[in-house]
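Under full-length UniProt numbering, read the sequence shown as residues 1 to 322, first letter to last.
Glycine is no exception: its CB is placed at the ideal position from the N, C-alpha and C atoms.
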Amino acid sequence: MSQQTTLAVVVPKFSEFVKHLPTVYDLAACDQEILRQLWSGLGYYARARNLNKGAKFIVEKLEGHFPQSYYEWLKIPGCGSYTASVIASICFNEKVACVDGNVVRVVSRLLGLSEDVWSSSGKSAIQTYVDQMIPEERPGDFNQAIMELGATVCRKSKPLCLLCPIQKECLAFAHNCVEICPPKKPRRDTVDVELFALLFWRKATDTVAIVHRTKGFLSNTVGFPLIPATEASEVKQVLQSLQHLQFLELSSKFSHNITHHRISGKVLVVQELENPSITTESVLWQKLGLSQSFDWVPRSVVASKLSTSFDNKVFKLFANYK
């Protein structure tokens, strides 16, 4: 949970998570919908799915026993080199180095490296150096210490060099080049995405349709059907051809940033004037090219079913309209 998420957000979510899923057996058997709800608000939902896959592997292949070495942890689905090194060193006292962004920064300044630290070869060189530094005794403490040093003292901006315990060995400090060691990480270009969120509402039963998105943008999450803004005109034509429906494009726009995507768009509220037959409903979904995996849920509980904060923004626009 703490990877790519602040601890202020993680701590209360973690407490709730382990309350519902106290053992690896509970996590392995957890229903995907419940897992999504427990993970809601943390983002990067692939992490939750990987946790579930890893738990199933441990239960089914290892009879519930956790691996105790770095290379054994690498065999667990969803467990990469960094996670494996953290667990192996901290939990099982194995001499294996953890290298995250904080460690890269500390080592770069220690060695006065102002270029080529974020490439594959650069990261490999950092890894080799830390592998040589790590002590035989208490390797987990060493890893936590160097990561904490990077997070609290050897910070990205305004580092507290005068408080640093390894200041005398730091070449960047000696050569007055701390601010350029390491160089800024190359940033991927932000992609602008314009979408329409389709909110289907049955007024008679006050229920709303949510879908299990299996492909495309925000795949493997539960929320509202999404279409590119370029397809909005075609979708509206389909909706106009169905007499039991009426739709309204809300004037307020939503905006949301996810990793390298800057999302904006509008909500299209589609109201059913009468409950159609299953056949009519299926035809509608097929004409719109939407997934058949959808559910009608009471409007009062929709928010608890949504996977992402993005979908919650969409739902709030609908709630304000109503």
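Inset, instruction - Pick out whichever of 130, 64, 112, 105 has its Cα sitting closest to the Cα of residue 156. - result: 105
Legend entry - Paired residues, beta bridge with residue 254 - DSSP: 265
Inset, instruction - Have a look at residue 252 and residue 318 and give me their C-alpha separation to the nearest angstrom. - result: 10 Å
Legend entry - residue 78 vs residue 38 beta-carbon contact at 8 Å: no
Inset, instruction - Label residue 34 either buried or exposed according to how many other C-beta atoms from any shown protein chain fall within 10 Å of its C-beta, with 16 as the threshold for buried. - result: exposed
Legend entry - Exposed unless 16 or more other CB atoms sit within 10 angstroms - verdict on residue 279: Because the pLDDT of residue 279 is 48, which lies under 50, any placement of that residue in the model is unreliable, and the number read from its coordinates should be weighed accordingly. Residue 279 should be labelled exposed.
Inset, instruction - Would you mind working out which of 109, 112, 95 sits nearest residue 137, comparing C-alpha positions? - result: 95
Inset, instruction - Find the nearest neighbour of residue 236 within the set 254, 270, 107, judged by alpha-carbon distance. - result: 270
Legend entry - DSSP state of residue 306 mapped onto helix, strand, coil: coil
Legend entry - Unbroken stretches of the alpha helix (DSSP H), 4 residues or longer, contained in the UniProt domain "HhH-GPD" (1-152): 7-20, 24-29, 32-39, 46-61, 70-73, 81-92, 101-111, 120-133, 139-152
Legend entry - Cβ contact check for the region 149-169 and the region 122-139: 3 or more pairs under 8 Å: no
Inset, instruction - Enumerate in chain order the residues of its own chain whose CB-to-CB distance from residue 18 is below 7 Å, with the five nearest sequence positions on each side excluded. - result: none
Legend entry - residue 230, DSSP secondary structure in three states: helix
Inset, instruction - Indicate the three-state DSSP secondary structure (helix, strand or coil) for residue 171 in the structure shown. - result: helix
Inset, instruction - Work out the CA separation of residue 229 and residue 88 for me, nearest whole Å. - result: 47 Å
Legend entry - Separation of residue 312 from residue 196, as counted between CA atoms: 14 Å
Inset, instruction - With DSSP as the reference, label residue 217 as helix, strand or coil. - result: coil
Inset, instruction - Kindly give me the distance between the Cβ atoms of residue 223 and residue 308, rounded to whole angstroms, as I take these residues to be in contact under 8 Å. - result: 6 Å
Inset, instruction - Go ahead and pull the three-state DSSP assignment for residue 319. - result: helix
Legend entry - 8 Å Cβ cutoff met for residue 302 and residue 315: yes
Legend entry - Residue environment, residue 321, which counts as buried when at least 16 other CB atoms sit within 10 Å: exposed
Legend entry - Burial state of residue 205 (16 or more Cβ within 10 Å): exposed
Inset, instruction - Could you say which of 62, 20, 80 lies nearest to residue 47 if we only look at CA atoms? - result: 80
Inset, instruction - Grab the span of the beta strand (DSSP E) containing residue 160 for me, first residue to last. - result: Taken as a continuous stretch (DSSP letters only), residue 160 belongs to no beta strand (DSSP E), as it is neither H nor E.
Inset, instruction - Enumerate in chain order the residues of its own chain whose CB-to-CB distance from residue 25 is below 7 Å, with the five nearest sequence positions on each side excluded. - result: 59, 64
Legend entry - Distance CB(residue 85)-CB(residue 97) smaller than 8 Å: yes
Legend entry - Neighbourhood of residue 248 by C-beta distance below 7 Å, restricted to the same chain and skipping five residues each side: 269
Inset, instruction - On a CA-only basis, which of 2, 267, 92 is nearest residue 141? Give me that one, please. - result: 92
Inset, instruction - Drop a sphere of 10 angstroms on the beta-carbon of residue 174, count the other beta-carbons inside from all chains shown, and report buried for 16 or more, exposed for fewer. - result: exposed
Legend entry - residue 71, buried or exposed, once every other Cβ within 10 Å from all chains shown has been counted against 16: exposed
Inset, instruction - State the DSSP-derived secondary structure class of residue 188, mapped to helix, strand or coil. - result: coil
Inset, instruction - For residue 170, verify whether its CB is less than 7 Å away from any heavy atom of the ligand ZN. - result: Absence of the ligand ZN from the depicted structure is noted, as is the absence of any ligand whatsoever, leaving it without description.
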